[in-house]
Ligand SMILES: Nc1ncnc2c1ncn2[C@@H]1O[C@H](COP(=O)(O)OP(=O)(O)O)[C@@H](O)[C@H]1O
Ligand SMILES: Nc1ncnc2c1ncn2[C@@H]1O[C@H](COP(=O)(O)OP(=O)(O)O)[C@@H](O)[C@H]1O
Ligand SMILES: [Mg+2]
Ligand SMILES: [Mg+2]
Ligand SMILES: [Mg+2]
Ligand SMILES: [Mg+2]
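Chains as they are written, first to last, in this note's numbering: chain B, -7 to 204; chain G, -7 to 204; chain V, 630 to 957; chain Z, 630 to 957.
As structure tokens, then:
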């Protein structure tokens, strides 16, 4: 049974729930080495998405991603706003005309993550959300190539995301606000990596139950 | 042996010492119900007097008081600056042509205190330095009339001053900054009354030893 | 104490030197006795002089210049200046048409300006500003002068510039003062440099309602409330004081005490505008910012001036000072 | 949290409404998407647009008006605005000669302005301001834009008003940016309204040296020092960055972060003036006050711009904005 944007309202609810539940912890991270607004930025974006959720549920994936991306772009602001907008608008572009099975989606995602790298002039190892997004996209591609079952794939993505977020702890930030602190940025998980991980896990949970 | 302005440098040293020694306690009082600058105001005035002390020592009393008053007027500022300037310039005026025995001085002082009342549009019972100055001037007059010996007079003035200052504790201020607090001004001794008392006691000490 | 300072005793003089350098096009500093005075003077003009304790900047030295004050006499922090400053300033800026002292109603200021006026050999008068309504009109020493001072100084400054004589300037100043009411709240006290710690402590959920501008306690300590509630109370109290009729024209001044950001002051302005407009008032002019400060105190005051046409014209007239400038 | 606020979510919009009312003679507010724009526009003129997170007021909305910005796009507190704001602002103020975005170098600002520039159907360019020398030139994402932004916006604003084309405006902006170096210290952090408590804590005897404008920690935490010592360090570091020759002309800008009183800022100005003059610099223009703030943060920065004659002329040119006004 293919997953369509009909699932979007449920996804947004799950994302809102996971960000709200972890708000204080994430804010503490962004305050320690950033400016403390990351959670509010995401919450603003997710609220905006919730307002458009039904409308989005009626679209096909490329159209849905475009609409999600534009909504995020206009609601979030900050570094994470432009990066997630780039990711989602990138997905709209790269999924155009592709058959959206796991294989097709994983290719589209890799391209979209590539767009994020370019927008942020960043790559893995710089203590950003890319330390989660890049390994997750790569793992998805590997699992798709291996034709793994959905639950296996999702379990793997959860794990890779968690490892990616945790790996940022000992990194010295070279991108984003935390880079201003140089060596002082060490010892804290990156807020954007953490929320990327939380959202990926939440999405995986929704897809798990949808498939079950 | 008549007391001449030759004693002035010693008086100023004693005043500086007593204000410095009580600076924190008085500042606390002026902070509680005023604005906390009273000690600094007096210190500025006393420093200025110290600079002119030798010059003043060479004058006669009316000239000395005029010079002291003008120096205080230009150095202190605030309510206490204009009031002490008025007192001292008042003394210069009211002592003119008087023979400055205890009797003559007590009359001059009463007139000068009258000028302070007019300048401040205030009287005893309003929780100000007048609650010390007025009873002290009155006590001096009474002792002068009774022909008391100097040590007796000075002891009486010390006592009256201490009572006057202490009496301000339970008053509601109706003049000066403390009046803005209305009932909230109760429970604290007035800073200006306290310093008036301290300075009178210090002057009495100097005169006691001078006479001894 | 978290301040940029070397020594509390030299703070004022060094700061005034910097101020005079930064605004050398419009004013000069006389270091001893201390006063700041207008560079371009005009003979035949009433000379306006104000002054008061320092720590309220830009008041008053920031208002020296064309169309406003001729001189300002800064005292030590929160301490009124001395008569010799006022007299020397008067002699320096006298234009032959008399001196008008604009004095905030505090015992120290009043008495020191009074002594200066008595000793000065030039014709002089004074306007007493007492716009703070936190105290009853019947208060034993009268109400305090606070942020309304800026309005009085601007309007009378324009009148003097336009050639009004001493009596008219005094009468106009008193009329503006009569038409002006201010009320403020403090969220924190402030730290006087010579003391090095806040004048009083407030709990995190408290504020002082009805404060003056010296970091002292106000009329009462109350629970901290939301901005709308605070502004509703302030505007209610102000509206009780002034004869507001539907269609009355007014100037609304939101004054920050120094530690409150502009984003909040503009929020307060919007809320006050809504409250007052609802009462039928027409807000014709506005001034939002830090003008009459209390060092680093967080808080703000509302000032409302009921305007007549003459006041509007003088408010709009050109002014060129460090802190207020328009029309030239 | 000691703030005048009802709800952190409505703070920005209500505040902007008040700001627009208080300055209705020079600007208008477009509520959705949020931008503030000049009332009197001029066709054939390059349109200057800036923006950034809120909490730095008066930057940037206080610089909208004749001779400076055509529009400002305020983001949430300390959060960059979004591309739709910039695009809508551009369309509103386009004069047919192209759009110049003035962007402070922060990842969020840069990327959001970049997206707007890519999507915008109008010719556009941008100037990146990176005057903060607390980070090495080689820093991985480059230096931050701080208080020097005001200088860039004023000078380029005057050039655009005088008819300079898009390429010249961009080149001039980059030249001013090159000639500008800033460095700041924070004595306290600040409290972001949505958070309700200070971003970081500093001991009573500590300060942050080399800070940005978001209440975050700086290059290093050091012992609090006297003003002279702090200013000497700041001017030393700035002098290492700029090619100061004896007789070089400069503009000295002392910028307060919001919580530091003017009396201290003028003290800092005097001390910096003395330090820099001793190095043979000729301080020709100055700006002292709270222009690029961090909410209620106590602290200040020094900004030095080496001036050429063209820059001086543009700096002196008339400007009529909420926060800077002269010559008109
Ligand atoms: N150049 C970049 N590339 C990738 N991710 C970045 C980049 N800059 C910042 N980020 C991510 O964005 C997060 C911060 O987002 P947010 O707090 O919403 O914005 P801002 O940094 O503008 O306040 C960081 O924790 C980091 O993960
Ligand atoms: N009208 C007045 N008459 C008499 N004494 C007064 C009057 N006003 C104030 N004082 C005295 O002055 C003292 C305050 O002096 P000071 O702190 O130096 O000046 P300021 O009140 O201007 O800060 C008060 O404690 C009180 O004793
Ligand atoms: Mg952030
Ligand atoms: Mg006092
Ligand atoms: Mg005082
Ligand atoms: Mg941010």
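Backbone N, C-alpha and C fix where the C-beta goes; we use that ideal spot for every residue, glycine too.
Residue i CB to nearest heavy atom of ligand 2 below 7 angstroms
{"i": "residue 169 of chain G", "result": "yes"}
{"i": "residue 200 of chain G", "result": "no"}
{"i": "residue 72 of chain G", "result": "yes"}
{"i": "residue 30 of chain G", "result": "yes"}
{"i": "residue 759 of chain V", "result": "no"}
Minimum Cβ-Cβ distance from residue i to chain V less than 8 angstroms
{"i": "residue 890 of chain Z", "result": "yes"}
{"i": "residue 65 of chain G", "result": "yes"}
{"i": "residue 171 of chain G", "result": "yes"}
{"i": "residue 68 of chain G", "result": "yes"}
{"i": "residue 763 of chain Z", "result": "no"}
{"i": "residue 898 of chain Z", "result": "yes"}
Cβ-heavy atom distance, residue i to ligand 3, below 7 angstroms
{"i": "residue 27 of chain B", "result": "yes"}
Per-residue burial, residue i [other beta carbons within 10 Å of its own, 16 or more giving buried]
{"i": "residue 30 of chain G", "result": "buried"}
{"i": "residue 175 of chain B", "result": "exposed"}
{"i": "residue 33 of chain B", "result": "buried"}
{"i": "residue 113 of chain G", "result": "exposed"}
{"i": "residue 644 of chain V", "result": "buried"}
{"i": "residue 741 of chain V", "result": "buried"}
{"i": "residue 907 of chain V", "result": "exposed"}
{"i": "residue 744 of chain Z", "result": "buried"}
{"i": "residue 782 of chain Z", "result": "buried"}
{"i": "residue 69 of chain B", "result": "buried"}
{"i": "residue 121 of chain B", "result": "buried"}
{"i": "residue 672 of chain V", "result": "exposed"}
{"i": "residue 826 of chain Z", "result": "exposed"}
{"i": "residue 716 of chain Z", "result": "buried"}
{"i": "residue 679 of chain V", "result": "buried"}
8 angstroms Cβ cutoff, residue i in contact with chain G
{"i": "residue 704 of chain V", "result": "yes"}
{"i": "residue 822 of chain V", "result": "no"}
{"i": "residue 845 of chain V", "result": "yes"}
{"i": "residue 770 of chain V", "result": "yes"}
{"i": "residue 778 of chain V", "result": "no"}
Counterpart residues of residue i in DSSP-defined beta bridges
{"i": "residue 768 of chain Z", "result": "In DSSP, residue 768 of chain Z forms no bridge with anything."}
{"i": "residue 836 of chain Z", "result": "Z/851"}
{"i": "residue 814 of chain V", "result": "V/838 and V/929"}
{"i": "residue 703 of chain V", "result": "V/681"}
{"i": "residue 915 of chain Z", "result": "Z/881"}
{"i": "residue 667 of chain V", "result": "V/656"}
{"i": "residue 753 of chain Z", "result": "Z/728"}
{"i": "residue 955 of chain V", "result": "V/948"}
{"i": "residue 792 of chain Z", "result": "In DSSP, residue 792 of chain Z forms no bridge with anything."}
{"i": "residue 935 of chain Z", "result": "Z/879"}
Contact with chain Z by residue i, beta-carbon distance below 8 angstroms
{"i": "residue 807 of chain V", "result": "no"}
{"i": "residue 28 of chain B", "result": "yes"}
{"i": "residue 864 of chain V", "result": "no"}
Proximity test, residue i beta-carbon vs ligand 6 heavy atom, cut-off 7 angstroms
{"i": "residue 959 of chain V", "result": "Outside the displayed range of chain V (630 to 957) lies residue 959 of chain V, so it cannot be described from this structure."}
{"i": "residue 707 of chain Z", "result": "yes"}
Cβ of residue i within 8 angstroms of any chain B Cβ
{"i": "residue 710 of chain Z", "result": "yes"}
{"i": "residue 773 of chain Z", "result": "yes"}
Proximity test, residue i beta-carbon vs ligand 4 heavy atom, cut-off 7 angstroms
{"i": "residue 182 of chain G", "result": "no"}
{"i": "residue 22 of chain G", "result": "yes"}
- Message: Under 8 angstroms: do the segment 922 to 936 of chain V and the segment 831 to 846 of chain V share three or more Cβ pairs, one atom per stretch?
- Response: Cβ pair count under 8 angstroms is three or more, so yes.
- Task: Would you be able to state if there are at least three C-beta pairs under 8 angstroms between the segment 149 to 165 of chain G and the segment 93 to 101 of chain G?
- Result: Here the segment 93 to 101 of chain G does not lie against the segment 149 to 165 of chain G, with fewer than 3 beta-carbon pairs under 8 angstroms apart.
- contact_flag[the segment 163 to 179 of chain G, the segment 178 to 186 of chain B] where n(CB pairs < 8 angstroms) is 3 or more: With a cut-off of 8 angstroms, the segment 178 to 186 of chain B and the segment 163 to 179 of chain G do not count as touching, because too few Cβ pairs lie within range.
- Message: Across the segment 725 to 732 of chain Z and the segment 74 to 83 of chain B, are there enough close Cβ pairs to call them in contact, namely three or more that are closer than 8 angstroms?
- Response: Contact between the segment 725 to 732 of chain Z and the segment 74 to 83 of chain B is absent, because fewer than three Cβ pairs lie under 8 angstroms.
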